[in-house]
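Quick notes on the structure that follows.
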Amino acid sequence: NAGVTQTPKFRVLKTGQSMTLLCAQDMNHEYMYWYRQDPGMGLRLIHYSVGEGTTAKGEVPDGYNVSRLKKQNFLLGLESAAPSQTSVYFCASSTPDRVNEQFFGPGTRLTVL
Amino acid sequence: EDKVVQSPLSLVVHEGDTVTLNCSYEVTNFRSLLWYKQEKKAPTFLFMLTSSGIEKKSGRLSSILDKKELFSILNITATQTGDSAIYLCAVESSGNQFYFGTGTSLTVIP
């Protein structure tokens with residue numbers, strides 16, 4: 425099992441460009457999450473999903489959109505990137521009965537110039 | 005405002021030392037407190053605590069939650085170089101919201 429994978433691993437964008445980060449998990453987990461991690465701020469929840477076709481906002485959802493068309497995939501989109509979105513993005517997944525035992529992907533380092 | 009505060013920010017110890025990492029929180033609708041270990045990349049789950057008491061992961065790691073005083077500590081005894089990592093504390097509140105602290109960076113010197 426690959427666990428949780430994220431693509432791409434690194435990306436550099438110019439202000440105003442758009443992109444999509446892909447998260448995939450092969451553990452048949454219902455719940456999936458997107459976090460960003462910034463120095464001095466810790467991990468902050470952007471959006472999460474409790475199942476295929478459902479999404480909900482986390483602590484810092486502005487400037488991001490998400491979609492969960494398939495159970496195994498959770499996409500994070502930036503429609504118009506801003507330098508404030510420079511961060512390391514982590515995806516995670518869990519089962520409903522152990523939502524706090526989240527399995528994290530390796531992260532995507534995004535730089536917006 | 006919900007928040008989780010960890011201390012110290014960083015710690016350097018020698019192999020064999022015992023360390024205590026602190027986590028205090030102010031989170032409405034508390035459901036559980038979590039500890040994760042982050043080495044180079046992805047955090048990995050260590051503990052979940054839901055009620056005041058002690059939860060042990062392995063013989064060297066243990067954690068205590070005090071829901072009255074709103075804090076938790078993570079103890080690591082007989083530290084090894086493999087314990088070097090960032091230790092993250094997080095609190096789950098209702099509605100699948102998770103609040104993480106900024107972490108404590110632990111370095112264990114041989």
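Protein sequence lines correspond, in order, to chains E and Y. The first sequence runs 425 to 537 under our numbering. The second sequence runs 5 to 114 under our numbering. All residues carry an ideal CB built from backbone N, CA and C; glycine is no exception.
For residue i, which option in the options has the closest C-alpha, if you only look at C-alpha atoms?
{"i": "Y:Phe-49", "options": "Y:Trp-39, Y:Leu-74, Y:Gly-86 and Y:Ser-55", "result": "Y:Trp-39"}
{"i": "E:Ala-506", "options": "E:Val-474, E:Tyr-488, E:Gly-529 and E:Gly-475", "result": "E:Tyr-488"}
{"i": "E:Gln-461", "options": "Y:Leu-69, Y:Phe-51 and Y:Phe-104", "result": "Y:Phe-104"}
{"i": "E:Leu-493", "options": "E:Thr-510, E:Val-474 and E:Pro-485", "result": "E:Val-474"}
{"i": "Y:Ser-62", "options": "Y:Asn-79, Y:Val-23 and Y:Thr-54", "result": "Y:Asn-79"}
{"i": "Y:Lys-45", "options": "Y:Ala-89, Y:Val-17, Y:Gly-20 and Y:Arg-64", "result": "Y:Ala-89"}
{"i": "Y:Leu-92", "options": "Y:Asp-21, Y:Ile-113, Y:Ile-77 and Y:Thr-83", "result": "Y:Ile-77"}
{"i": "E:His-471", "options": "Y:Leu-110, Y:Thr-108 and Y:Phe-102", "result": "Y:Phe-102"}
{"i": "E:Gly-440", "options": "E:Leu-467, E:Glu-503 and E:Val-490", "result": "E:Glu-503"}
Count the other CB atoms, across all protein chains shown, that sit within 10 Å of the CB of residue i; report buried if there are 16 or more and exposed otherwise.
{"i": "Y:Val-8", "result": "buried"}
{"i": "Y:Glu-96", "result": "buried"}
{"i": "Y:Thr-106", "result": "buried"}
{"i": "Y:Ala-82", "result": "exposed"}
{"i": "E:Ala-426", "result": "exposed"}
{"i": "E:Pro-432", "result": "exposed"}
{"i": "E:Met-451", "result": "exposed"}
{"i": "Y:Pro-47", "result": "buried"}
DSSP beta-bridge partners for residue i?
{"i": "Y:Leu-1", "result": "Nothing in the structure corresponds to residue 1 of chain Y, since chain Y is present only between 5 and 114."}
{"i": "E:Ser-473", "result": "E:Met-456"}
{"i": "Y:Pro-47", "result": "Y:Gln-42"}
{"i": "E:Trp-443", "result": "In the sequence under discussion, the amino acid at residue 443 of chain E is Met, which differs from the Trp named in the question. E:Met-443 pairs with E:Leu-502."}
{"i": "Y:Gln-101", "result": "Y:Ser-97"}
{"i": "Y:Ser-36", "result": "Y:Glu-96"}
Consider the Cβ of residue i: report whether some Cβ of chain B lies at a distance smaller than 8 Å.
{"i": "Y:Ala-89", "result": "No chain B appears in the structure shown, which is made up of the protein chains E and Y."}
Kindly give me the distance between the Cβ atoms of residue i and residue j, rounded to whole angstroms, as I take these residues to be in contact under 8 Å.
{"i": "E:Thr-510", "j": "E:Arg-435", "result": "About 10 Å separates the two Cβ atoms, so there is no contact after all."}
Report task. Please list the residues of the region 467-480 of chain E that have a C-beta atom closer than 8 Å to any C-beta atom in chain Y, keeping them in chain order. Result -> For the region 467-480 of chain E, the set of positions with a beta-carbon nearer than 8 Å to some beta-carbon of chain Y reads Leu-467, Arg-468, Leu-469, Tyr-472, Val-474 and Ala-480 in chain order.
Requested in this report: Taking only beta carbons into account, state which residues of the region 28-47 of chain Y come closer than 7 Å to chain E, listed in chain order.
Outcome: Answer in chain order: Ser-36, Leu-38, Lys-45, Ala-46 and Pro-47.
Query - Within 7 Å of chain Y by C-beta, residues of the region 518-535 of chain E in sequence order - result: For the region 518-535 of chain E, which is checked against every Cβ of chain Y, the residues closer than 7 Å are Val-523, Asn-524, Glu-525, Gln-526, Phe-528, Gly-529, Pro-530 and Gly-531.
Query raised in the report: Quick one, which residues of the region 501-515 of chain E are near chain Y if we go by CB-CB under 8 Å, in chain order?
Result: Cβ contacts with chain Y: Phe-514.
Report task. Using a Cβ-Cβ cut-off of less than 9 Å, list which residues of the region 433-466 of chain E approach chain Y; keep chain order. Result -> Among the residues of the region 433-466 of chain E, those with a Cβ less than 9 Å away from any Cβ of chain Y are Tyr-455, Tyr-457, Tyr-459, Gln-461, Pro-463, Gly-464, Met-465 and Gly-466, in the order of the chain.
Query raised in the report: Of the residues that make up the region 54-83 of chain Y, which ones have a beta carbon closer than 8 Å to any beta carbon in chain E?
Result: Across the region 54-83 of chain Y, no CB contact with chain E closer than 8 Å is found for any residue.
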